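Using my numbering, count along the sequence shown one by one with no gaps and you end on 451.
No residue lacks a Cβ here, since even glycine has one placed at the ideal position from N, Cα and C.
No experiment lies behind these values; they were computed from the predicted model shown.
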Amino acid sequence: MTEHEYQMKLTNIEPTEWIKLNAGTSGFYRMHYSKDMLDSLLQPFSAQQISVADRFGLVSDMFALIQSGHMLASEFLRLLKYCCEENEYTVWSAIDGQPTTLEMPSSGLHKLASLMEHHPDSAIKDLYNGYISSVSSPLKSLVFNQLAKSGHKLIIDMALQLFDHHAEEAILLASDLRAVVFGCVARQNDLKKMGSLMRIYTTCDSVDIQRECLQAIGQCSDKDLLASIYKYLVEEGHCKSQDIVHLFFGSQTSKTGQEFSWEYFKCNYRMLIKKFGCLNNSFKQVMKTCASSLFFSNAAQDVENFCKSNFDRNQLMDLESTINEITDSLWVNQKLVNTHFHDIAQFLSREAS
């Protein structure tokens, strides 16, 4: 293809046949299928008659088109219904990163896994027990995490049981499921279990486990509990300065956590500057983490106004790149909300009926 537009007519195509363009996702361009062509691809996608690279490419292309406003988000959500039999980590990793943006916390929209409630519990148990040899540990962790965040009762019960065995009987958790289990526990907002999670954080010697604990603890969605956690870990110095960002990162998984962490940053930015010693990369990471995921209507303006009102000229020059990255991200978030809010709401309403 050497021109801006080119038409090719294919003949003798049966209604039951399908066409996948950019085979192997080898070309550096996006594919926008018509509704009929996309519909014809869904069944072979589900049956894995399309290669792993092509399934990955289809997911990636669709979300890129959604971000650019060329496709409605409901088309992507419709694709997710055909992913229950997917067992390739590469494909799931592409799927996993997209609904994080699509869920739009301010609208209360469901996550990816809420569209998979029909996934047979027996299949999940098999996945949990490792009976499916083709499923890798990273894939188990990824799928479990999405199902747990969606409120899948079987997965949550499994995670809480594993945590109780770990906390009370010192039974080791599999490393690939540890972060999933910790996060599931924290999202229950249970004081006793949160206390056990805090004890693991304060007594373990592993840096990896400590950081997984911090990210999990931040996923609590009770504001009073979050306030006490942030006070203990950040203000009272029970968390290393370089690890504070992991706590803020965990809080971005819920609307409550996002709003709390941003308000906490605005109220305590001077304390954070003092703790970090200057406007270093750690401070910028915390600021970017707690501000970039906001979805309320005037979020970008709120960030700009806060920075102009509270940082001097030299500080603003130092933070200019960080502020621009944050506001650019927020404008994209707001555009997604404005473009796709009603479309996603209607799709979920149809699915629920």
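Three CB pairs or more closer than 8 Å across the region 302-314 and the region 233-251:
Judged by pairs of C-beta atoms under 8 Å, the region 302-314 does not touch the region 233-251, as fewer than three such pairs exist.
Whole-angstrom C-beta distance between residue 159 and residue 121, which should lie under 8 Å:
Taking C-beta atoms under 8 Å as the contact rule, residue 121 and residue 159 fail to qualify, at a distance of about 13 Å.
Output the distance between the C-alpha atoms of residue 163 and residue 174, rounded to the nearest integer angstrom.
Cα to Cα, residue 163 sits roughly 10 Å from residue 174.
When the Cα atoms are used, what is the spatial distance from residue 448 to residue 267?
Spanning the two alpha carbons is a distance of roughly 46 Å.
Indicate whether residue 284 and residue 295 have their beta-carbon atoms separated by less than 8 Å.
For the pair residue 284 and residue 295, the CB atoms are nearer than the 8 Å cut-off.
Note the first and the last residue of the continuous alpha helix (DSSP H) segment covering residue 360.
First-last of the alpha helix (DSSP H) with residue 360: 353-374.
Taking C-alpha atoms, which residue in 409, 376, 350 and 410 lies nearest to residue 390?
It is 350 whose Cα lies nearest to the Cα of residue 390.
Boundaries of the alpha helix (DSSP H) in which residue 275 is found, first to last residue:
Element bounds for residue 275: 273-284.
From what residue to what residue does the alpha helix (DSSP H) around residue 301 run?
Where residue 301 is concerned, the enclosing alpha helix (DSSP H) stretches over 289-301.
CB-CB length for residue 40 against residue 360, believed under 8 Å
A query on residue 40 cannot be resolved here, the shown segment of the chain reaching from 99 to 451 and no further.
Supposed contact pair residue 304 and residue 339 - C-beta distance, whole angstroms, cut 8 Å
Rounded, the Cβ-Cβ distance is 19 Å, inconsistent with contact.
Quick one: give me the first and last residue of the alpha helix (DSSP H) that residue 328 is part of.
321-328 is the extent of the alpha helix (DSSP H) around residue 328.
Determine, using beta carbons only, whether residue 118 and residue 139 come nearer to each other than 8 Å.
In this structure, residue 118 sits near residue 139, with a CB-CB distance shorter than 8 Å.
Rounded to whole angstroms, what is the Cα-Cα separation between residue 281 and residue 441?
In a straight line, the C-alpha of residue 281 is about 30 Å away from that of residue 441.
Does the distance from the C-beta atom of residue 363 to that of residue 384 stay below 8 Å?
Yes.
Tell me which residue opens and which closes the alpha helix (DSSP H) that residue 168 is part of.
Here residue 168 belongs to no alpha helix (DSSP H), and DSSP marks it neither H nor E.
Residue 154 and residue 192 closer than 8 Å at C-beta:
Result yes, Cβ atoms of residue 154 and residue 192 sit closer than 8 Å.
From residue 367 to residue 180, what does the alpha carbon distance come to, in whole angstroms?
So the alpha carbons of these two residues sit roughly 45 Å apart.
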